[in-house]
Amino acid sequence: MVRLILVGYRASGKTTIAEAVARYLKCPVVDADVVFEQKYECSVGTFIQDHGEASFRDAETSVLREVLQVSDAVLSTGGGVILREENRLMIRDAGIPVVWVSASAKEIRRRLALDETTASRRPALQGKDVYSEVEQALADREMHYDEVAGKRIDTDGKTVAAIVEIVLKWLFTYDKSSSQSDDLSAGAKS
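The working numbering applies: residue 1032 is where the sequence shown begins, and numbers increase by one.
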């Protein structure tokens, strides 16, 4: 069974944090986007261009179902996996700790601009360019990330080491029976 699931918008830091946490836990990291690209032999951007977003979301659900079965790993999900209720139910019903890795729209745009793979791997989904859709997409998705996550970490201005420390502290005190969540950046989930 997966040990930890990270959710959050593209460029929020999910993959970086997953890799660092997995190194500490001495377990593999599973990046759902990488699994997707291996399974479908193309980038997410190419798949969406060739088959459309609806087909991509179907394929993404299939990948989620598959990666949730991986043993003893840290899972970094695709940014939009929470858009489907079916996926949110799968994540919640898995009984695995979930951290919402968040960042401000300004910080996400900055990170996207620094990533040379943004154009090919992170396509715009709302008929805009990838940078201008960030604020609206974050607003549209926030309630869904909140629904599945037990913890939220705002990564703005934090080092990877500081974020990993927060994740691990929470993970080691995680109580599967708890239905309460809280925000690691402010002490109360917003």
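Positions of the beta carbon are idealized from the N, C-alpha and C atoms, including for glycine.
C-alpha gap between residue i and residue j, whole angstroms
i: aspartate 1064; j: glycine 1111; result: 11 Å
i: glutamate 1084; j: leucine 1114; result: 12 Å
i: lysine 1123; j: tyrosine 1176; result: A small fix is needed here, since residue 1123 is arginine in this sequence, not lysine. Taking the straight line from one Cα to the other gives about 11 Å.
i: asparagine 1118; j: lysine 1137; result: 28 Å
i: arginine 1096; j: leucine 1202; result: 22 Å
i: valine 1038; j: glutamate 1116; result: 14 Å
i: glutamine 1080; j: lysine 1070; result: 17 Å
i: glutamate 1055; j: valine 1033; result: Contrary to the premise, residue 1055 reads as tyrosine rather than glutamate in this sequence. Going by the C-alpha atoms only, they are around 15 Å apart.
i: histidine 1082; j: glutamate 1072; result: 13 Å
Coil, strand or helix - residue i by DSSP
i: valine 1033; result: coil
i: arginine 1041; result: coil
i: arginine 1096; result: helix
i: isoleucine 1122; result: helix
i: isoleucine 1127; result: coil
i: serine 1133; result: strand
i: valine 1105; result: strand
i: aspartate 1062; result: strand
Residue from the options with nearest C-alpha to residue i
i: glycine 1109; options: Phe1087, Ile1127 and Ala1125; result: Phe1087
i: glutamate 1068; options: Leu1037, Ile1127 and Ser1093; result: Ser1093
i: alanine 1104; options: Arg1172, Val1061 and Glu1166; result: Val1061
i: threonine 1047; options: Arg1141, Val1066, Tyr1205 and Ile1194; result: Ile1194
i: valine 1098; options: Ile1127, Glu1072, Phe1078 and Cys1073; result: Ile1127
Assumed close pair residue i, residue j - CB separation to whole angstroms, cut-off 8 Å
i: alanine 1134; j: threonine 1186; result: 5 Å
i: alanine 1042; j: leucine 1143; result: 5 Å
i: leucine 1035; j: valine 1130; result: 7 Å
Cut-off 8 Å between Cβ atoms - residues of its own chain near residue i, not counting five sequence neighbours on either side
i: alanine 1053; result: Pro1059, Val1060, Ala1104 and Val1105
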